[in-house]
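Note that the working numbering has the sequence shown beginning at -15, numbered continuously upward.
No residue lacks a Cβ here, since even glycine has one placed at the ideal position from N, Cα and C.
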Amino acid sequence: MDRLMDRCTRSILTGIVIAGALCLPVSAQTDWSQVEIKTIAVAPGIYMLEGAGGNIGVSAGDDGVVLIDDQFAPLTDKIRDAVTKISDQPIRFLFNTHWHSDHTGGNENFGKADTLLVAHDNVRKRLKAGGVVDFFKSDNPPAPEAALPVVTFDQTVTFHLNGGEIHAFHVPPAHTDGDAVIHFRQDNVVHMGDLYFNGMYPFIDYSSGGSIDGMIAAADRVLTMIDDDTHIIPGHGPLSNRSELAAYVEMLRGVRAAIAPLVDAGMSLEEVIAAKPTAAFDETWAKGFIPADGFAKIVFHTLKK
Ligand SMILES: [Zn+2]
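Here you go:
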């Protein structure tokens, strides 16, 4: 973890862009000292923190603070400062939506400070083993013990605190094979981790078990459990809602429908990319860190399996 962090930081300092899951949402110009943690109030006691890396969810109340994801290790102090402005209670639990390092980079810092780390079984397995994220060719070294979730679950886990329930459930392989959706039931808020990139093509980690079909199924499942008043914290992008999520899943369906016949026809990756199967969607969705060709490549790989 540290080695990768150094690599990422070095690349940022030298202005050389290296591809890596860790660097995913961080531009070549990013300097950790310049990253500002912005706090967005979502519902009473629930907040979204934006900084660099995956959006953080916060539940704060009399029973303590629960964090959903923790961005990068160099940002831990800033994240703590932001939480202190929300609540004087300790950060008791940290939940990881999946294993990627832009969502788990602070784990070791929080783990050493007696915050209890919670995640799906496969998050712990992948963090412990380390591994390559093929699309970015990033090599993640095995995480240190303190960075590993202490409590893991197979299907669901529920936190009963701060006057409500925070219900997390695993979905079949989608962005990775260890994804969870977090439902703040009483507050009508959902944190979707990287199952949802708001307003941009998503990354799907096919080398960690991810698939386009799983992404569509996960988004469809969330759509069935929310209403027009639900606030959705996406893994990346601004705070969102049901209609934006519905547009996103339609895009996923459309891109899948455009690429599947090409894969079935036996086209190579190069031929699929040359056919520009995402063209009808690019103006709206090719705005994030996954460009059009990259998304075509990702969907090709998940369908080819
Ligand atoms: Zn991710």
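Query                                                                                                                                                                         : Result
Per the contact definition of three or more C-beta pairs closer than 8 Å, is the segment 219 to 228 in contact with the segment 32 to 50?                                     : yes
What are the boundary residues of the alpha helix (DSSP H) that includes Asn93?                                                                                               : Asn91 to Lys96
Count the other C-beta atoms from every protein chain shown that fall within 10 angstroms of the C-beta of Val49, then say buried if there are 16 or more, exposed otherwise. : buried
In its own chain, which residues sit with a C-beta less than 7 Å from the C-beta of Ala113, not counting the 5 before and 5 after it?                                         : Pro126
Are Thr142 and His151 closer than 8 Å when you measure CB to CB?                                                                                                              : yes
If you draw a straight line from the C-alpha of Pro245 to the C-alpha of Leu101, how long is it?                                                                              : 43 Å
Going by DSSP in three states, Val19 sits in which element: helix, strand or coil?                                                                                            : coil
Helix, strand or coil: which one does DSSP assign to Ile196?                                                                                                                  : helix
Relative to the alpha-carbon of Leu207, which residue among Leu59, Ala231, Ile188 and Met184 has its alpha-carbon at the smallest distance?                                   : Ala231
When you measure from the CB of Asp53 to every non-hydrogen atom of ligand 1, does any distance come out below 7 Å?                                                           : no
When burial is assigned at 16 or more other CB atoms within 10 Å of the CB, is Gln18 buried or exposed?                                                                       : exposed
Please state the DSSP three-state secondary structure of His87.                                                                                                               : helix
When the Cα atoms are used, what is the spatial distance from Glu267 to Ser195?                                                                                               : 23 Å
Taking only three categories from DSSP, how would you classify His175?                                                                                                        : strand
At what residues does the alpha helix (DSSP H) containing Phe265 begin and finish?                                                                                            : Ala263 to Trp269
Among Thr214, His154, Asp163 and Phe168, whose alpha-carbon lies nearest the alpha-carbon of Leu145?                                                                          : Phe168
What are the partner residues of Ile294, as DSSP defines its beta bridges?                                                                                                    : The shown model of the chain, from -15 to 289, leaves out residue 294, and the question about it has no answer.
Below 8 Å, how does it come out for the segment 65 to 73 and the segment 102 to 110: are there three or more Cβ pairs, yes or no?                                             : no
Taking Cβ to Cβ, would you say Leu51 is nearer than 8 Å to Leu78?                                                                                                             : yes
Is it true that the CB of Thr23 sits closer than 8 Å to the CB of Ala57?                                                                                                      : no
When you compare only the Cα positions, how much space is there between Gly272 and Gly250?                                                                                    : 29 Å
Measure the CB-CB distance between Gln139 and Gly89 and report whether it falls below 8 Å.                                                                                    : no
The beta strand (DSSP E) with Arg76 in it runs from where to where?                                                                                                           : Ile75 to Phe79
Which of the three DSSP states is assigned to Ala103 in this structure?                                                                                                       : strand
Hey, which unbroken runs of the alpha helix (DSSP H) at 4 residues or more fall wholly within the segment 19 to 44?                                                           : none
So is Phe279 buried or exposed if we call it buried at 16+ other beta carbons inside 10 Å?                                                                                    : buried
When the cut-off is 8 Å and only beta carbons count, does Ala231 lie next to chain D?                                                                                         : No chain D is part of this structure, which consists of one protein chain only.
When DSSP builds the beta bridges, which residues end up paired with Gly148?                                                                                                  : Leu145
In the DSSP assignment, what are the bridge partners of Ala164?                                                                                                               : His154
Which residues does DSSP list as the beta-bridge partners of Val116?                                                                                                          : Asp123
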